[in-house]
Every structure is written in structure tokens, then in C-alpha cells.
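J.: Have a look at the structure that comes next, please.
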Ligand SMILES: [Zn+2]
Ligand SMILES: [Zn+2]
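In the working numbering, the protein residues as written are 39 to 195.
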């Protein structure tokens, strides 16, 4: 049985391993952070709930996966003939996968799988499953915290 390392059936979820909620104020405000002179913030992208614009993930929260790498590849995304600009070898991921974050209350409550809803407006943004979810490209992500691209806005920080 494949479950995530952070999940412990008896003790529940270790939320200390969760990523910081990106929309909450962080230790950035602290005056003694900048000792190393490293003032450059990681430039990257922010992912916001499309409905209420709350930041739900940052570039650094994204868990990369190799497109198409999976146990089985479904044929449904390779329908040919529908699209005149069909690029045969390119499979597009319709989801992004992130590390577990503090706003994911369903995850904190100890569920093994379920919906990921925006804490602000409760819009459903995706799903999570500690046993893994298959991306549209065919790749498996385990454990998986999936956000649908069409439900989030991507902006640069
Ligand atoms: Zn993918
Ligand atoms: Zn929202």
C-alpha cells in the first residue's frame, strides 16, 4: 500500500511538514532575515483562486513531474484529427501538483483523499489523494495535491 510519508494513520497528519500558506504573512517581515545579503526573492509564479484571487500556491510549492511517465497511458488525450495544430508528442498537463499546504483543511483533518477547496470562497480547486493521482499527461504523482489549471489564475510575483 502506497501512502505518503507524512501520513501516519495513528497520529494523523504532521502539519509541521506542510508548506506555509502562501497568502499569510510570513517571517519575511522579520528584520533579521536578511543576514546573508540575499535579498533576491525567488522570482516565480503565484497561483490564485480564479474566483476570489486568494493566493493558493507559489512556484516553490509546485511539485514537478515528468509528463507521460506513468504505469499506463490513457489514449483519450491523444485523439488525433480533432485539432489541426495537433502536436503529436506534446501532452499538456491540465493540472498542477503542489506540496501539502496549510490552507488545505481537509488534508489536516486526516482524510486520505478528497476535494481541495479554497478557504476563502470555498470554490473547488482540485483534489488530493495520498495514494496518488494521475495527471492528464499520464504521469502519476504520489502523494498528489492537484490544482486544476482552469480553476486558478497564474500571475508572476
Ligand atoms: Zn502532467
Ligand atoms: Zn477562492
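Note that beta-carbon positions come from the ideal geometry of N, C-alpha and C, so glycine has one too.
Does residue 188 come out as helix, strand or coil in the three-state DSSP assignment?
T.: helix
J.: What do you get for residue 86, buried or exposed, if any count of 16 or more other CB atoms within 10 angstroms of its CB means buried?
T.: buried
J.: Should residue 59 and residue 141 be called a contact, given that it needs their Cβ atoms to be closer than 7 Å?
T.: Contact flag set, yes.
J.: Taking 6 Å as the cut-off, is the CB of residue 140 close to at least one heavy atom of ligand 2?
T.: no
J.: How many angstroms separate the CA atom of residue 164 from the CA atom of residue 186?
T.: Looking at the two C-alpha atoms, the distance is approximately 5 Å.
J.: May I ask you to list the residues that DSSP assigns as paired with residue 164?
T.: 154, 185
J.: Need the endpoints of the beta strand (DSSP E) that residue 94 sits in, please.
T.: 93 to 96
J.: Is there at least one non-hydrogen atom of ligand 2 closer than 6 Å to the beta-carbon of residue 156?
T.: yes
J.: Across which residues does DSSP place residue 133 in a beta bridge pair?
T.: In DSSP, residue 133 forms a bridge with 186.
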